[in-house]
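Protein chains in written order, with my numbering: chain A, 1 to 487; chain B, 488 to 974; chain C, 975 to 1116; chain D, 1117 to 1258.
Notes for the one structure printed next.
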Amino acid sequence: MIKVKQKKMDEEQFFERRKAVLSLWHTGKEVDLEEAVAYQKSMPENKNFCKVIQKLKKEGKSVVFPRAGTPLVEDEIELVRALYDAGVPLLPCTTDSYTRHLQFEKVEQALEESIKSGRPKLNGFPIINHGVKNTRRVVESCGAAFNPRTSRLSNSLVGEIAFASGMTAQPCSFFPWFGSYDKTATLEECIDTAQYLARLMGWYAEQGVILTSDLHGWLPNGVFPISINVATMIIEGLVVAEQGVKSVLPLVECQGHLAQDIAAIRVTPQLLRRYLDRFGYQDVIIPGTAAQQVPLYAFPRDLGGAFGYVTYTCFVGALGKAEVVSPRSIDEGIGVPTKEAHVDTYRAANWILNVVRTQNIEFDNEEIQTESKILEAEVTAILEAVLNLGGGDIVVGAIKAVDAGVLDSPFPLNIHARDQVLGVRDSQGACRYVEFGNLPIPEEIKDFHREKVTAREKAEGRKMDYYVAIDDFWAISKGALVGTPRQ
Amino acid sequence: MIKVKQKKMDEEQFFERRKAVLSLWHTGKEVDLEEAVAYQKSMPENKNFCKVIQKLKKEGKSVVFPRAGTPLVEDEIELVRALYDAGVPLLPCTTDSYTRHLQFEKVEQALEESIKSGRPKLNGFPIINHGVKNTRRVVESCGAAFNPRTSRLSNSLVGEIAFASGMTAQPCSFFPWFGSYDKTATLEECIDTAQYLARLMGWYAEQGVILTSDLHGWLPNGVFPISINVATMIIEGLVVAEQGVKSVLPLVECQGHLAQDIAAIRVTPQLLRRYLDRFGYQDVIIPGTAAQQVPLYAFPRDLGGAFGYVTYTCFVGALGKAEVVSPRSIDEGIGVPTKEAHVDTYRAANWILNVVRTQNIEFDNEEIQTESKILEAEVTAILEAVLNLGGGDIVVGAIKAVDAGVLDSPFPLNIHARDQVLGVRDSQGACRYVEFGNLPIPEEIKDFHREKVTAREKAEGRKMDYYVAIDDFWAISKGALVGTPRQ
Amino acid sequence: MKKDKPTVITGTIGVDAHVIGTKVLSRALRDAGFNVVELGALTPPEEFIKAAQETDADAMLISSLYGMAELDVRGFKEKCIEAGLGDVLLYIGGILGVSRHDFEEDVVKFKALGFDRVYPPEADINAAIEDLRADLRARSKL
Amino acid sequence: MKKDKPTVITGTIGVDAHVIGTKVLSRALRDAGFNVVELGALTPPEEFIKAAQETDADAMLISSLYGMAELDVRGFKEKCIEAGLGDVLLYIGGILGVSRHDFEEDVVKFKALGFDRVYPPEADINAAIEDLRADLRARSKL
Ligand code: B12
Ligand code: B12
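The following block contains the structure:
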């Protein structure tokens, strides 16, 4: 029996749940909602994620949104300042893995060891252990708008502390949790968790503070067409809108094929708008579009390759006129990036974004048109199938769709996913389906994919299967878009 | 009285001049033409510049052609091997400045000091001092095809030694000498020098060895529309073709505005072909097109900016489908690049070239069309004016055109250039004329430039003059395309 | 005891969610003829031990990408010994530290923590499978 | 002797062809009210000395970008003294060494070679002009 529905949580129920959330760790006590609203309202526009992006859109600019977090407050301040000074007006606050799993005692221990050894022993900023007062110091240390990144278990408390500390955005994306971070949680549980944070953001919105939820969708854990990701992103958008979120930012995963990536950057916000409007969320703002370097492929470990991949993504994002571009750092394949690696990365990224956007380049061609049509048709078919399954309730539909394999993605971490689908690149590097599983892709579009896959099969004289998918997965780290057999 | 004409040197005269060339330094004695032809013919196709590029064209690939030279033979071997292993099949051999000025004794001294101090004391490879035997060791040390780079005074002897050592290309470009390297030489002297090397390459061609001359044209010493550069490149092509050169490679200077750069990459070889054919050089091959990062602008000195600029140029070159792309190294703004800097640069470049060319992206838009038309109209107008001045003789015409300012370029080093022209960028970063001097640009095209310049004038509220030209000159090194006033 | 089809345990340890590598590794081991008990991502150390006991495993091939492996495997070898698994081969691979560092440091560190073999990022799995066969043969288990 | 319009010599020394910087510098000096004798690129040391003698110059602002300045200016200060120009200020700027190196090394090196001031790559010319004024004032030449 599916209990979670597409329905706004009533205030009472919300505040009841809230008690449990805040009691997860003692810093929960530092959150005072009234005071937090006042604090939020006292902040200038450059601290608000939504407003910063709206302004970028108006001015036709693109900026970098990186990924960064380091355990100690003073180091984190140094890091965010360095990034801000390197021209980054939107900053994340990436939490560490222990925080993500509510292992706060372990965090304390690791913080101590980090101090002692002079080396970071956590892979992010433990915002919950640091609490509101300390986190405000980070937020106030530079002129950027902040957006914390964490995963399911800690999402609610991280949000409480982040917003009270002056951060103004946070993903309520339940599909990445399901597909990539949480092994045993059901989609229903993931949605339930996301609804809490969305309701909290809705509450802030009722008090006049617009917080933004960036939407991620089910990450394609491998080389895989982007339509499942976009469809699930739209599902997330509808779910958070129902809870009262007033600003959503679609985050488009760039997988390296320029025509596909530009098509996705253009089509995704259009489709998101269409579905938001259809269900009555006309007042939800889409301040802009974020294009991100898909966080999944093995990254080049050599300096040249790393800069090649980073700048390429920025080039695609800027040609697509995304307001926000998120490349990985040049240290992605190596480990948590050093401050210098961050700065060098974002300097390169800004060089590209600035130079490309100045030119206001119009870029369109047949491939982009084709990929746009394919993407739109696939996403629409998937969403309609989901709505059908749910009898009009998108939440119920999504939960059933995952069970039925109508929503599916390769290499999932979660034990409840079907894992019956697979993608490879075609000879030009576009992502195509080889195994459709139960995905409700229209037959003529399936034929399109089959044709492309067959063409590569012929060109390379080998079957397009799991092994090719793995070769393609490694390609980008080896300086290519299309994989070749590994020796 | 102009003595140099567009006329093939007769063999006798050529061999007479040759004596003087070879006697410039004792290693001239090492050149044995018969043996050199046999040596050239014994080399595989991958050693021939022309053939390598023809193959790239057929396969739809782009490769990097870097710039590199270090004084000691063993270091040079290490360097070219590292580059070749990083995926660079076309290699330069950049000579040092003393070689360029025939100061061979100083070279000897600097070589000794380089050995003693363990640090390079010359900014390139002194090919003349090293002679044929040593240089062959470099050529044979890896699978690349070689192309030496030097300047006027040493051009003839460098060519003699290079071709005898198995190198298969060399610029006979007299305009860069005139505009950027040689302070007092007249254009006539420069052409006279170039004709010698072209005649030598013609001689090799008669024996069945195709050597390639890359054409550079008058470098725009600053932000300046590319038409003078393209027109003078075509003049160079006609001049070397007359001397018997059978393969010419246009080298297009990318100045950072995508539509202009792509237009130039496309239009230049077309126009070159048209003029070669018109004057009867139908058998001269244009194996492909080289796109190079203009070697003139101050380069970003920070690692991120340097990679940004390098990779950007590679995108543009790859989108333009140039077979050869020449970025500067990431150390460009710092000093002669280290081996590591070279390798990192070309890894990044190859990442981009490979990924972009795999996709076979069709890219066209209104701006590219417009810039193509403007460029074609300007180049044609300039060339017709030059031919008129010369009464049909392109050499005579070019010499008179420089005197008349019909050929002119800003910031020339040469005292004989008029220096009455100036360029700035428009608000989108395209290069436009502000001072036309005596350039024979058609009136309606002048209006086009004026409009664009006025638009920027209005947008920025300042006059577009010399100071803006300087700001624009520095822009790219500061992470922008369009300059802002320096504090 | 010699086995036709040795049993190996795979998974990422602790709260590491990077599942792709261990999935790929597991399939390769299966293709190479091993009996693979695939625990997947986010596997607590205790579960590795339990699985090894239950399946009489010959080796554990542990992955960790997220940089915090050191904290996760402290005392693991000792617990294995306590559980009577002193003889089970322990391999670990992935990205074993946070931030830029020298892989050789990892080798020293994790060998001291009781691992038989330590693999660098992007390790070649075919070579690793050869190592495994050699080690099993040396212990007369193959 | 105090002058209204001090005379300065500019140019790149030796066989350095990088003319743009010295052109820009010359124009800025002129804009700032100096009398500029612009020798342009590729100027042999002897020519600098000749020009300074002929124009009774107060300073030479020498550029070198191509990395071989050290070899070009060896003995230059001594020749200036011989020529009775011991009192003429000597400035140098540009890219003073080949390949990556620390600018502080250049300062030490070129000061030892007799230069009064040494400027890093991309030096701010307005600041340099201020330096020049201060140095001239200190010598009661402005
Ligand atoms: C994909 C990815 C993700 C995906 C994971 C999807 C999934 N569920 O699997 C997502 C987006 C969810 C993710 C999340 C996070 N990630 Co992550 N991620 C990556 C990335 C890009 C690639 C990893 C990968 O899949 N490689 C490809 C697979 C096939 O290779 P592999 O895992 O290396 O395994 C191969 C070999 O190494 C070998 N091998 C592996 N294990 C073993 C064991 C043995 C015994 C042997 C013999 C061989 C062997 O065989 C495998 C097959 O060939 C890497 C960076 C990189 N390497 O490029 C970062 C990276 C691992 N992630 C990192 C981090 C910090 C995180 C997060 C904490 C925060 C965040 N960035 O969101 C969370 C962590 C969540 C958690 N609790 O663990 C860091 C780790 C930092 C460090 N070690 O210093 C990295 C290095 C990125 C970075 N530079 O910051 N990540
Ligand atoms: C443009 C350029 C060229 C053009 C020059 C055109 C011309 N005739 O002027 C061309 C293409 C011809 C060229 C040729 C060569 N170049 Co070149 N070139 C450059 C480049 C890209 C920019 C130089 C420039 O014009 N900067 C802009 C001007 C406005 O700035 P500036 O000269 O630095 O001057 C400013 C300040 O420094 C200051 N300043 C300068 N001098 C002084 C003096 C004083 C007293 C003061 C106070 C201030 C001051 O004021 C100026 C105005 O703001 C540089 C790399 C870079 N820096 O990005 C390489 C560079 C200088 N070139 C280099 C080399 C090696 C060469 C060549 C030998 C080989 C080659 N690459 O072709 C030949 C040399 C020919 C020769 N005989 O000298 C190297 C030098 C290596 C080193 N030092 O280790 C560099 C650094 C590139 C590299 N990394 O390899 N080059």
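All residues carry an ideal CB built from backbone N, CA and C; glycine is no exception.
Where the beta strand (DSSP E) through residue i begins and ends
| i | result |
| --- | --- |
| D701 of chain B | 699-702 |
| C431 of chain A | 431-435 |
| V421 of chain A | Per DSSP, V421 of chain A belongs to no beta strand (DSSP E) and is neither H nor E. |
| V812 of chain B | 811-813 |
| R1233 of chain D | 1233-1235 |
Nearest-angstrom Cα separation, counted from residue j out to residue i
| i | j | result |
| --- | --- | --- |
| H703 of chain B | A777 of chain B | 10 angstroms |
| D959 of chain B | E565 of chain B | 38 angstroms |
| L1013 of chain C | G437 of chain A | 24 angstroms |
| P929 of chain B | A864 of chain B | 8 angstroms |
| Q856 of chain B | V842 of chain B | 25 angstroms |
| T454 of chain A | K58 of chain A | 44 angstroms |
| W512 of chain B | I489 of chain B | 30 angstroms |
| R137 of chain A | G69 of chain A | 14 angstroms |
| S372 of chain A | R266 of chain A | 8 angstroms |
| S165 of chain A | F125 of chain A | 14 angstroms |
Cβ-heavy atom distance, residue i to ligand 1, below 7 angstroms
| i | result |
| --- | --- |
| S180 of chain A | yes |
| P295 of chain A | yes |
| S1073 of chain C | yes |
| Y762 of chain B | no |
| R1001 of chain C | no |
| P1095 of chain C | yes |
| H992 of chain C | yes |
| E332 of chain A | yes |
Distance cut-off 7 angstroms: residue i Cβ against heavy atoms of ligand 2
| i | result |
| --- | --- |
| L1070 of chain C | no |
| S584 of chain B | yes |
| R606 of chain B | no |
| Y954 of chain B | no |
| R554 of chain B | yes |
| G515 of chain B | no |
| I161 of chain A | no |
Opening and closing residue of the alpha helix (DSSP H) in which residue i lies
| i | result |
| --- | --- |
| S42 of chain A | 33-42 |
| F766 of chain B | From DSSP, F766 of chain B is part of no alpha helix (DSSP H); its letter is neither H nor E. |
| D1226 of chain D | Per the sequence presented here, residue 1226 of chain D reads as Phe, with Asp not at that position. Counting along the chain, the alpha helix (DSSP H) containing F1226 of chain D begins and ends at 1219-1228. |
| R301 of chain A | Element bounds for R301 of chain A: n/a, residue is neither H nor E. |
Which complete alpha helix (DSSP H) runs does the region 706-747 of chain B hold, if anything under 4 residues is left out?
714-729
Count the C-beta pairs between the region 712-726 of chain B and the region 863-870 of chain B that are closer than 8 angstroms, then say yes if the count reaches three, no if not.
yes
So within the region 362-391 of chain A, which uninterrupted alpha helix (DSSP H) runs reach at least 4 residues, ignoring any that extend past its ends?
366-389
Per the contact definition of three or more C-beta pairs closer than 8 angstroms, is the region 512-529 of chain B in contact with the region 644-655 of chain B?
Yes: at least three Cβ pairs fall under 8 angstroms.
Ordered list of beta strand (DSSP E) runs contained in the region 1119-1188 of chain D, each at least 3 residues:
1123-1128, 1151-1154, 1175-1180
Count Cβ pairs between the region 783-798 of chain B and the region 752-765 of chain B that sit closer than 8 angstroms; are there 3 or more?
no
Does the region 1123-1140 of chain D come close enough to the region 1091-1104 of chain C to have 3 or more Cβ pairs within less than 8 angstroms?
By the Cβ test, the region 1123-1140 of chain D is not in contact with the region 1091-1104 of chain C, since fewer than three Cβ pairs between them sit closer than 8 angstroms.
Is there contact between the region 1186-1196 of chain D and the region 1244-1251 of chain D, where contact requires at least three CB pairs shorter than 8 angstroms?
no
I'd like to know if the region 6-19 of chain A and the region 236-255 of chain A are in contact, where contact means that at least 3 CB-CB pairs between them fall below 8 angstroms.
yes
Touch check for the region 197-207 of chain A and the region 344-361 of chain A: three-plus C-beta pairs under 8 angstroms?
no
Given 8 angstroms as the limit, is there contact between the region 626-634 of chain B and the region 568-585 of chain B, that is, 3 or more CB pairs closer than that?
yes
Going along the chain, which unbroken runs of the alpha helix (DSSP H) with 4 or more residues stay wholly within the region 42-92 of chain A?
49-59, 73-85
In the region 135-186 of chain A, which residue ranges form an unbroken beta strand (DSSP E) of at least 3 residues, counting only runs that do not cross its ends?
For secondary structure counted as the beta strand (DSSP E) over 3 or more consecutive residues, the region 135-186 of chain A holds these complete runs in sequence order: 145-149.
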